[in-house]
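Participant: FYI, the numbering for the sequence shown is 1 to 488, going by the working numbering. Heads up, the beta-carbon is just placed ideally off N, CA and C, and yes, glycines get one too.
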Amino acid sequence: MAPPAALLAALLALAAEGAGCPPGGCDCPAPRGCTYPTEDPVEFVGEELRGGPGRGLLRRRAAGGGGEPAGARAGSSVFFLLNGAAQGLLARTGAGCFGSAAVAAAARLSPRAARVRAVSPMGRRVDGLASARAQGGFVHLLILGERFHWSPVRPGFVRRLHSEDLLEMVTLSVAPPVFLVRSSSGSVIGWDTQDLIQVAQPHLRDSPEKHYGKGMERHRTSQTAMIPNSGRSFRAQKLTQSLARLGSVSQVEGLQVVKYRRDEHYKKHQDFFVKGEEVEFDQWVEWLEQRLRENATLKDAIASADSRLHPASPSFSRALYEHLKAGRMLNEQDSAWVGDAVSDEDYKSRFRHVLKVAPLARLAKRAFASAVRTPELVMPEPPLGQNRLATLFVYLNSEFEGGATGFVSARMPPDPPPELVWSTYALPECQSGIQVRPKAGDAVLFYNLRADDAVEPLSQHVACPPHSGVKYGANVWIQTGEPSRLEL
């Protein structure tokens, strides 16, 4: 659904600043060869990044799921995608209209779009048409508050990065986004893995469990060690900063080494910080009710999408749950428990219980916005507070059997890449999702927060126990820090 004309005009005016537009905005008359993005959805299905601009293949998505090549990416064509996405809109634009085309594309791709900044698939700034073309013609649009996410594209997709060493990223899962990272030097963080194990030895202690509740004893049976700051640890943080395209090395926490002996484990958990969001949810519902009182015509947008999403509907909680589930915005445990409700009132009660213990309010807003797709019903919100954006887990040795990293909500692809394995474990949660094959020097990178600035409930993961031997790994946690400066 395209935004109303008045809203689109406002968005274009916002885009004019810093976008190379003439005074008065980016109206882009036809003789200049500028057109807004096509309505047809386009899928990004391949890309090669070997030391130069990306060369990709676009495919139009047909109703039956098939596709044909979308045609030229030469000249003034630009392919706009949201942050971390693999589907977007193909546009033709001129040098003076790049900003307006970018904002128009964002408005069609997301009802949350306001001001945006543009980056290449490699996370580099794009400040105009020439810059976009020089970096391959693909442009990711980050909406206010979002931090750059690598696009997973598809399982098995390989991306090569040049930093101090050649890094290779292999997509293992799209939802949640999970990548295997390897380095030509043998260690993703530039620290000899055996040396790091030796540095950690005198600092190893039993892993704390004080933040787990009653009934969750032996949830975590490993040993951990915080590594003292040094030149080597700082270099590891700098390499992580480069890999994740962070604005500051201060967003990278200090290294934590973990040790798992035979049958030791860390049951399923998430790395983002958990807090209840009842207050935020109630404030959002009150805001929705106020907007509907101020503009009664907005109820038609809700009715055309799902009338139960009106906040006054007795089925409001049930409808939110169903849209959250359809959008894979709930982990399996919460989804199953809420889904066992037997009445609208039961759904409401269970939904509010989950709000007390899980960061669900922002996800509910995302599910509502995705269903209704009306910018006037998108509540303004500040960027997500300090949290863990992503985790880089580095494998330090290979002399053990088992010990895979499991992602319980991921789906095993039909043609899994060789970095995924399958082994039988006594720990039940290791028997669902995908298992990443541990290899010394490699790392697994996954996002704890979604690309749209909400928590990623599918990021639950498990450290499966070694069948024999001792497993060592290093956690490098990446904080949100301050959102990047707006560029367009």
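Just the C-alpha distance for residue 144 and residue 375, rounded to the nearest angstrom, thanks.
Facilitator: Straight-line Cα distance between these residues: approximately 14 Å.
Participant: Taking residue 173 as part of the alpha helix (DSSP H), name the residues at either end of that continuous run.
Facilitator: In the DSSP assignment, residue 173 falls outside any alpha helix (DSSP H) and lies within the beta strand (DSSP E) extending over 166-173.
Participant: Here's a check: name, in chain order, each residue in its chain whose Cβ is nearer than 7 Å to the Cβ of residue 275, leaving out the five neighbours to either side.
Facilitator: 359
Participant: Roughly how many angstroms separate the alpha carbons of residue 419 and residue 344, rounded to a whole number?
Facilitator: 44 Å
Participant: Relative to the C-alpha of residue 459, which residue among 451, 312, 465 is closest?
Facilitator: 451
Participant: For a test of the three-state rule: what should DSSP assign to residue 460, helix, strand or coil?
Facilitator: coil
Participant: Could you pull out every unbroken alpha helix (DSSP H) segment of at least 4 residues lying fully inside the segment 356-404, listed in chain order?
Facilitator: 361-372
Participant: Run the CB neighbour count on residue 234, radius 10 Å, all protein chains shown included, and call it buried at 16 or more, exposed below.
Facilitator: exposed
Participant: Per the contact definition of three or more C-beta pairs closer than 8 Å, is the segment 321-341 in contact with the segment 384-396?
Facilitator: When Cβ pairs closer than 8 Å are counted between the two stretches, the segment 384-396 is seen not to touch the segment 321-341, the count staying below three.
Participant: Quick one: what does DSSP say residue 478 is sitting in, helix, strand or coil?
Facilitator: Strand, per DSSP.
Participant: Do residue 264 and residue 361 come within 8 Å of each other at the CB atom, strictly closer than that value?
Facilitator: no
Participant: Expressed to the nearest angstrom, what Euclidean distance is found between the alpha-carbon atoms of residue 173 and residue 290?
Facilitator: 40 Å
Participant: Return the CA-CA distance between residue 25 and residue 82, expressed in angstroms with no decimal places.
Facilitator: Only weak support is given to the placement of residue 25: the predicted model assigns it a pLDDT of 32, under 50, and the question is left unresolved by the model.
Participant: Pair every Cβ in the segment 220-239 with every Cβ in the segment 184-195, then say whether three or more of these pairs are closer than 8 Å.
Facilitator: yes
Participant: Among the residues of its own chain, which have a CB less than 6 Å from the CB of residue 318, if the five just before and after it don't count?
Facilitator: 344, 347
Participant: Using DSSP bridges, identify the partner residues of residue 473.
Facilitator: 258, 395
Participant: Inspect the CB distances between the segment 154-171 and the segment 408-423 and report whether three or more fall short of 8 Å.
Facilitator: Three or more beta-carbon pairs drawn from the segment 154-171 and the segment 408-423 are found closer than 8 Å, and the two stretches are therefore classed as touching.
Participant: Under the rule that 16 or more other beta-carbon atoms within 10 Å means buried, what is residue 297, buried or exposed?
Facilitator: exposed
Participant: Less than 8 Å between the CB atoms is what I'm expecting for residue 354 and residue 338, so what's the real figure, rounded?
Facilitator: 6 Å
Participant: Name the residue from 130, 193, 106, 424 whose alpha carbon lies nearest to the alpha carbon of residue 232.
Facilitator: Considering only alpha carbons, the answer is 193.
Participant: Rounded to whole angstroms, what's the CA-CA distance from residue 86 to residue 151? Just pull it up for me.
Facilitator: 6 Å
Participant: By Cβ distance below 7 Å, which residues in the same chain neighbour residue 440 in space, the five residues on each side in sequence not counted?
Facilitator: 193, 395, 396, 397, 398
Participant: Quick check on this structure: which residue in 330, 203, 268 has the alpha carbon closest to the alpha carbon of residue 457?
Facilitator: 330
Participant: Could you work out which residue in 158, 370, 407, 334 is closest to residue 304 when comparing CA atoms only?
Facilitator: Considering only 158, 370, 407, 334, the residue with the shortest C-alpha distance to residue 304 is 370.
Participant: Quick check on the burial criterion: 16 or more other C-beta atoms within 10 angstroms. Buried or exposed for residue 273?
Facilitator: exposed
Participant: So does the segment 197-209 actually touch the segment 248-264, counting three or more Cβ pairs closer than 8 Å?
Facilitator: Contact between the segment 197-209 and the segment 248-264 is present, because at least three Cβ pairs lie under 8 Å.
Participant: Have a look at 84, 241, 332 and flag the residue whose alpha-carbon is nearest the alpha-carbon of residue 410.
Facilitator: 332
Participant: Please list, in chain order, all residues of the same chain as residue 310 whose beta carbon is under 6 Å from its beta carbon, the five residues on each side excluded.
Facilitator: 302
Participant: Shortest alpha-carbon distance to residue 133 belongs to which of 117, 105, 78?
Facilitator: 78
Participant: With distance defined between alpha-carbon atoms, name the residue in 479, 177, 433 nearest to residue 156.
Facilitator: 177
Participant: Which first and last residues belong to the alpha helix (DSSP H) in which residue 243 is found?
Facilitator: Run containing residue 243: 231-244, per the alpha helix (DSSP H) assignment.
Participant: Going by beta carbon distance, what residues of the same chain come within less than 6 Å of residue 139, once the five residues before and after it are set aside?
Facilitator: If we look at residue 139 and ignore the five residues flanking it on each side, its Cβ neighbours are 78, 80, 118, 126, 132.
Participant: Could you tell me the alpha carbon to alpha carbon distance between residue 463 and residue 120, rounded to whole angstroms?
Facilitator: Roughly 34 Å between the two C-alpha positions.
Participant: Would you mind stating whether residue 466 and residue 406 have Cβ atoms separated by less than 8 Å?
Facilitator: no
Participant: Once DSSP output is grouped into helix, strand and coil, what is the label at residue 282?
Facilitator: helix
Participant: Have a look at residue 471 and residue 444 and give me their C-alpha separation to the nearest angstrom.
Facilitator: 15 Å
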